[in-house]
Amino acid sequence: MSHQFFFSPHILDNLVPPATGFDVVQDISEPRLRLYITARGVKTFFTRKRVRGRTPGAGRDARIIIGRYPDTDIGAARARVLEILSAARAPRAARHKKITYEKLCAEFVRKKIRRAAPSLDKLERAMRRLWSPIYPKNIAEITPADLAALNKRIAASSGVPTANRMLEIMSSVFKFAVESRIIPDNPAASLAKSPESRRRRTLNADGLRRIIAAIGAERDPTLRPAFLMLVYGFESRSRVFSMQWRDLDFNNDTWGNRPLSDMAVVLLRDMPQDGRWVFRGRVASRHLTDPRVAWARVAARAGAPGTRMDDVHKFLMRSLEFSPHREQLRRNMNRVLNEVIGR
-10 MSHQFFFSPH
0 ILDNLVPPAT
10 GFDVVQDISE
20 PRLRLYITAR
30 GVKTFFTRKR
40 VRGRTPGAGR
50 DARIIIGRYP
60 DTDIGAARAR
70 VLEILSAARA
80 PRAARHKKIT
90 YEKLCAEFVR
100 KKIRRAAPSL
110 DKLERAMRRL
120 WSPIYPKNIA
130 EITPADLAAL
140 NKRIAASSGV
150 PTANRMLEIM
160 SSVFKFAVES
170 RIIPDNPAAS
180 LAKSPESRRR
190 RTLNADGLRR
200 IIAAIGAERD
210 PTLRPAFLML
220 VYGFESRSRV
230 FSMQWRDLDF
240 NNDTWGNRPL
250 SDMAVVLLRD
260 MPQDGRWVFR
270 GRVASRHLTD
280 PRVAWARVAA
290 RAGAPGTRMD
300 DVHKFLMRSL
310 EFSPHREQLR
320 RNMNRVLNEV
330 IGR
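So the sequence shown is numbered by our numbering: it starts at -10 and just counts up by one.
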């Protein structure tokens, strides 16, 4: 451990050298400045900085020699410490690697994104589909004007919220490129999000009845009960689509710690109870995730093309009177379904 005191010419001139090896002393005025004195009386100013390794998170402490005392005076040594550490904190120059945007996105997803496999697949599909015009381009050649035009195109084809979300991800991708010293600047940093208009939920009891009728005409044997469960289950689509048979208790008509409505019980009892998931996705080992294309078909058939799956849940929950007692909550669910749906 180094000895700490205020460096002054009088003290440093009278430091006693060690019998063997060297001793280290530290300046109180500038704690990052140190001096070691050898057994032969040689006194040298130095500081330390963290040197980055080749892999993320790797590194080591390096000793940076400033100069020998008294050839280098104390004031100059203190000033040199600030210069060295400021230079160490400065961003390293970009390497200007020739890399396509597609490869950059693949590296970004591999190193920065932590998601479950279905969610990750969905993100990668969206990136390939929406960013296809710039995927083959060298990232050093992509300009803010290119990105602004692409963002405008996404807003026109997929909506402003989607464009804004993809712009956030795109900015993160280019920020990753800057941190990796591939490019010097982030071309997406100057792009602003488009203003979003708050969507009004117009679903009412009559619209819900028409949607239920349209669900009944759905031909897919998996989607039809899944969409009906959005109505009968009083839960969000993510919860409904990830429902597991092991969580259902038909002796008490419960789903986990929540009661099931009578219509939900009838619907579920008529379904084949095989596998893990109640509503299986395209891959049998996974559950249903986001069948938005099929739902858009149902909504259009019902004459309510702007209605989303979550609109159903929010409309029913506004009508439901919550109760901490299971049976009372079940009665409230049944009352809502009977009054609002008209059965």
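C-beta atoms are modelled at their ideal positions from N, C-alpha and C, and glycine is treated no differently.
Since the structure is predicted, the reported quantities are computational estimates derived from the model, not experimental observations.
{"Check": "Suppose you measure from the CA of Leu219 to the CA of Arg170; what does that come to, to the nearest Å?", "Outcome": "48 Å"}
{"Check": "Let me know the secondary structure DSSP gives Asp209 once reduced to three states.", "Outcome": "coil"}
{"Check": "Less than 6 Å between C-beta atoms, sequence neighbours within five positions excluded: which residues of the same chain meet that for Arg67?", "Outcome": "Glu19, Leu22"}
{"Check": "To the nearest angstrom, how far is the alpha carbon of Trp120 from that of Leu24?", "Outcome": "56 Å"}
{"Check": "Do Phe216 and Trp284 come within 8 Å of each other at the CB atom, strictly closer than that value?", "Outcome": "yes"}
{"Check": "State the start and end residues of the unbroken beta strand (DSSP E) segment that holds Leu24.", "Outcome": "23 to 27"}
{"Check": "Below 8 Å on the Cβ atoms is my guess for Ser160 versus Asn140; work out the distance and round it to an integer in Å.", "Outcome": "Going by Cβ atoms, the distance from Ser160 to Asn140 rounds to 11 Å, so no, they are not a contact pair."}
{"Check": "Mind pulling the alpha helix (DSSP H) runs of 4 or more residues that sit fully within the region 90 to 163?", "Outcome": "90 to 101, 106 to 119, 133 to 147"}
{"Check": "Starting from Gln15, follow the beta strand (DSSP E) in both directions and report where the run begins and ends.", "Outcome": "11 to 16"}
{"Check": "Any idea if Pro45 is buried or exposed, counting beta-carbon neighbours within 10 angstroms, 16 or more meaning buried?", "Outcome": "Confidence at Pro45 is low in this model, with a pLDDT of 48, below 50, so the placement of that residue should be treated as unreliable; the coordinate-derived value is given next. Exposed, by the Cβ-count rule."}
{"Check": "Got a sec? Which residues, its chain only, sit under 8 Å from Ser179 by beta carbon, not counting five neighbours each side?", "Outcome": "Pro133"}
{"Check": "Quick test of your reading: Ala288 and Pro294, contact by CB under 8 Å. State the CB separation rounded to the nearest angstrom.", "Outcome": "5 Å"}
{"Check": "Could you name the residues of the same chain whose beta carbon sits closer than 7 Å to that of Val149, not counting the 5 residues immediately before and after it, in chain order?", "Outcome": "Ser183, Glu185"}
{"Check": "Quick one: what's got a C-beta closer than 6 Å to Ala83's C-beta in the same chain, skipping five residues either side?", "Outcome": "Any reading at Ala83 is ruled out, since the residue's pLDDT is 47, under 50, leaving its predicted position unreliable."}
{"Check": "Starting from the C-beta of Leu212, find all residues in its chain whose C-beta is less than 7 Å away, skip the five residues before and the five after it, and write them out in chain order.", "Outcome": "Pro280, Ala283"}
{"Check": "Are Arg226 and Asp299 close, meaning C-beta to C-beta below 8 Å?", "Outcome": "yes"}
{"Check": "With DSSP as the reference, label Pro(-2) as helix, strand or coil.", "Outcome": "helix"}
{"Check": "Can you tell me which of Asp209, Leu136, Ile102 puts its alpha carbon nearest to the alpha carbon of Arg271?", "Outcome": "Asp209"}
{"Check": "Flag this pair as yes or no: are the beta carbons of Phe304 and Leu197 separated by less than 8 Å?", "Outcome": "yes"}
{"Check": "Grab me the residues of Lys111's own chain with a C-beta within less than 8 Å of its C-beta, minus the 5 sequence neighbours each way, in chain order.", "Outcome": "Thr278, Asp279"}
{"Check": "Apply the 10 Å Cβ neighbour rule to Gly222 and answer buried if 16 or more other Cβ atoms are within range, or exposed otherwise.", "Outcome": "buried"}
{"Check": "Cα separation between Asp263 and Ala203?", "Outcome": "27 Å"}
{"Check": "Grab me the residues of His302's own chain with a C-beta within less than 8 Å of its C-beta, minus the 5 sequence neighbours each way, in chain order.", "Outcome": "Leu219, Phe223, Glu224, Ser225, Arg226"}
{"Check": "If you run the structure through DSSP and keep just helix, strand and coil, what is His(-8)?", "Outcome": "strand"}
{"Check": "Is Arg37 helix, strand or coil by DSSP?", "Outcome": "strand"}
{"Check": "Take the Cβ of Ser(-3) as the centre, count every other Cβ of all protein chains shown within 10 Å, and call the residue buried at 16 or more, exposed below.", "Outcome": "exposed"}
{"Check": "Specify the secondary structure class of Ala51 as computed by DSSP and reduced to three states.", "Outcome": "strand"}
{"Check": "Please report the distance separating the alpha-carbon of Asp60 from that of Lys32.", "Outcome": "10 Å"}
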